[in-house]
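Q:
Numbering (our numbering), first residue to last: 1 to 521.
1) Span of the beta strand (DSSP E) holding residue 177?
2) If you check the beta carbons only, do residue 379 and residue 332 fall under 7 Å apart?
3) By Cβ distance below 6 Å, which residues in the same chain neighbour residue 235 in space, the five residues on each side in sequence not counted?
4) Should residue 118 go down as buried or exposed, given a rule of 16 or more other Cβ atoms within 10 Å for buried?
5) In or out: residue 54 buried (at least 16 other Cβ within 10 Å) or exposed?
6) Taking 7 Å as the CB-CB cut-off, is residue 84 touching chain C?
7) Kindly list the residues whose CB is nearer than 7 Å to the CB of residue 185, restricted to its own chain and excluding five residues on each side of it in sequence; keep chain order.
8) For residue 458, which residues in the same chain have their Cβ closer than 6 Å to its Cβ, ignoring the five residues on either side in sequence?
9) Assuming residue 131 contacts residue 169 under a Cβ cut-off of 8 Å, what Cβ separation, rounded to an integer in Å, is found between them?
10) Quick check: residue 208 and residue 300, are their CB atoms within less than 7 Å of each other?
11) Mind checking whether residue 309 and residue 328 have CB atoms under 7 Å apart?
12) DSSP three-state call for residue 25: helix, strand or coil?
13) Give me the Cα-Cα distance between residue 10 and residue 95, rounded to the nearest whole angstrom.
14) In terms of DSSP beta bridges, what is residue 525 paired with?
15) Which one or two residues does DSSP pair with residue 477 in a beta bridge?
16) In this structure, does DSSP put residue 509 in helix, strand or coil?
17) Between the region 390-399 and the region 243-260, are three or more C-beta pairs nearer than 8 Å?
18) Just how far apart, CA to CA, sit residue 418 and residue 92?
19) Alpha helix (DSSP H) containing residue 292: first to last residue?
20) Please state the DSSP three-state secondary structure of residue 378.
21) Who are the Cβ neighbours of residue 424 in its own chain at under 7 Å, not counting the five residues just before and after it?
22) CB-CB under 7 Å to residue 67, same chain, minus the five flanking residues each way: which ones, in chain order?
23) Check each candidate in 182, 338, 497 and 87 and name the one with the smallest Cα separation from residue 281.
24) Would you mind listing the beta strand (DSSP E) stretches within the region 120-207 that are 3+ residues and don't spill past its ends, in chain order?
25) Helix, strand or coil: how does DSSP classify residue 298 here?
26) Would residue 407 and residue 90 qualify as a contact pair, given that the criterion is a beta-carbon distance under 7 Å?
27) Would you report the Cα separation of residue 133 and residue 443, rounded to the nearest angstrom?
28) Taking the DSSP output, what are the residues bridged to residue 531?
29) So what does residue 373 bridge to, in DSSP terms?
30) With H, G and I counted as helix, E and B as strand and the rest as coil, what does DSSP make of residue 514?
31) Have a look at residue 77 and residue 323 and give me their C-alpha separation to the nearest angstrom.
32) Less than 7 Å separating the beta-carbons of residue 495 and residue 503?
33) With DSSP collapsed to three states, give me the class of residue 335.
34) Could you work out which residue in 461, 297 and 216 is closest to residue 48 when comparing CA atoms only?
35) Count Cβ pairs between the region 356-368 and the region 220-231 that sit closer than 8 Å; are there 3 or more?
36) Look at the alpha carbon of residue 160 and the alpha carbon of residue 291, and state the distance between them as a whole number of angstroms.
Structure (structure tokens):
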């Protein structure tokens, strides 16, 4: 009788003190995002939060995931995305999700939505599979006040721009981005950017910059970004950090030293990088800035002038001469709306297809004609692998795709849209050992969360949002290539976004529980 009472008492105690969870991930190697070594622990998820971590044998659930032999990490945060326009085309955001990304920071390179409040409301009403934070684009601020004019702003115009920047921060932007090689940002002097950066600083934001030059004048451009942070007293993020152009290979030590010295000075400068030796941007960067001002009608009018057209082509030819090249065959078309048969071909090939002579002068004319037809999105092969690895080894560097939400089969995008994080984990961690797995995860999680003030994200910690990635460190691989970019990464087994299981046994289940993350400073 006493024995039976004891059993009943023990069973009652177990029921009394046991707890339940929506999901429990058991037996996984927890890499919590701090950079510390992994630990064998369980993780319990209740609603959208991490409820408990440890030995959770007493916890109960109807949804148990066995992560034995797998890594359990915080969801990856891509700090440099361009998803505007892609959300409605593919709200599942499969290219990001299948690469382990649960949160993106969009609005980079000076380009964003014009109204942050409307944009965040749109994200929440649409329902996407990833969380979305956003920067306010300097180009959008400037366009709202002065279009694409090639001149400095007046004092009255500067005040209008400051008001737009302030409203964007109040509406939830995490900072401001610049694209100082793009129209109209390229026409803005440093002083204009500083004025706006001071507004961002007052509201606890970050200054993220596609700097003014990533080639011959890259050092001067890095110094400009640092100077803006110094003068405006705010954190700086230098986007897709690189040294571009074959003639600049080997200069990454020089540019990294600028960042290191700035940090020693007390300026919070960090960088991000995609793990490839090719960049992707528009065809217009092969033309001088001044010819692209004031809209397409003005561009077409200028290019009809034979003298201007000759200057434009001479500028383009100067680019390949500076690189020590004879052709534009390093430049591939990703998307040319006027003729999609050009997609995937380089400018030398396209020039030949158009029946021209196989020389750079005719290629320069082909470039101008393509601009007249609306331009194109391009992939430029111009970086050295040694520089990519050298930059990747820097500890205050985050992985970033510089990509939008892809639609399978549409155009020929840069493979970074599909494979950025998996490429870092597979090629540069597992194969080439540029950094440890723990360090790579820190840079994909807690470092970007801290930098962009994404509260309760980036760590596996009780009370934090349950954005989680479960993957096989021996299998994780990027499958996307330049020839066939529309291929999802492999190795990611389970992914949670805001506590909702979104990838189950390697398959996206259609869940769309991502939210707009608004800055609350």
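Using N, Cα and C, we set each Cβ at its ideal position, and we do this for glycine too.
A: Answer, in terms of the structure:
1) Counting along the chain, the beta strand (DSSP E) containing residue 177 begins and ends at 175-179.
2) Cβ atoms of residue 379 and residue 332: closer than 7 Å.
3) These residues qualify, in order along the chain: 206 and 268.
4) Per the 10 Å Cβ criterion, exposed.
5) Under this definition residue 54 is an exposed residue.
6) In summary, chain C is missing from the structure at hand, where a single protein chain is found.
7) Hits under 7 Å: 110, 138, 139, 142, 178 and 179.
8) Excluding residues up to 5 positions away in sequence, 33, 74, 445, 446 and 449 lie with their Cβ nearer than 6 Å to the Cβ of residue 458 in the same chain.
9) Contact flag wrong, Cβ pair sits at about 19 Å.
10) No.
11) No.
12) Residue state for residue 25 is assigned as strand, using DSSP reduced to three classes.
13) Confidence at residue 10 is low in this model, with a pLDDT of 43, below 50, so its placement is unreliable and the value that follows should be read with caution. One C-alpha to the other measures close to 50 Å.
14) Nothing can be reported for residue 525, as the shown portion of the chain is limited to 1 through 521.
15) 490, per the DSSP bridge assignment.
16) Coil.
17) Segments in contact, yes.
18) When rounded, the distance between both Cα atoms is 13 Å.
19) Premise fails: residue 292 is in no alpha helix (DSSP H) and is neither H nor E.
20) Assigned with DSSP and collapsed to three states, residue 378 falls in strand.
21) Taken in chain order, the residues that qualify are 275, 399 and 440.
22) 25, 26, 27, 28 and 470, listed in sequence order.
23) The shortest Cα separation from residue 281 among 182, 338, 497 and 87 belongs to 182.
24) Fully enclosed beta strand (DSSP E) runs of 3 or longer: 131-134 and 175-179.
25) Here residue 298 sits in helix by DSSP.
26) Yes.
27) If you take the alpha carbons of residue 133 and residue 443, they lie about 17 Å apart.
28) Here the chain has residues from 1 to 521 only, and residue 531 is not among them.
29) Paired residues: none, contrary to the question.
30) Look at residue 514 here: in three-state DSSP terms it is strand.
31) So the two alpha carbons sit approximately 34 Å from each other.
32) Their beta carbons are under 7 Å apart, which means residue 495 touches residue 503 by this criterion.
33) Strand, per DSSP.
34) Ranked by Cα distance from residue 48, the options 461, 297 and 216 are led by 461.
35) With the cut-off at 8 Å, the region 356-368 and the region 220-231 do not touch.
36) Across the structure, residue 160 and residue 291 are spaced so that their CA atoms are roughly 26 Å apart.
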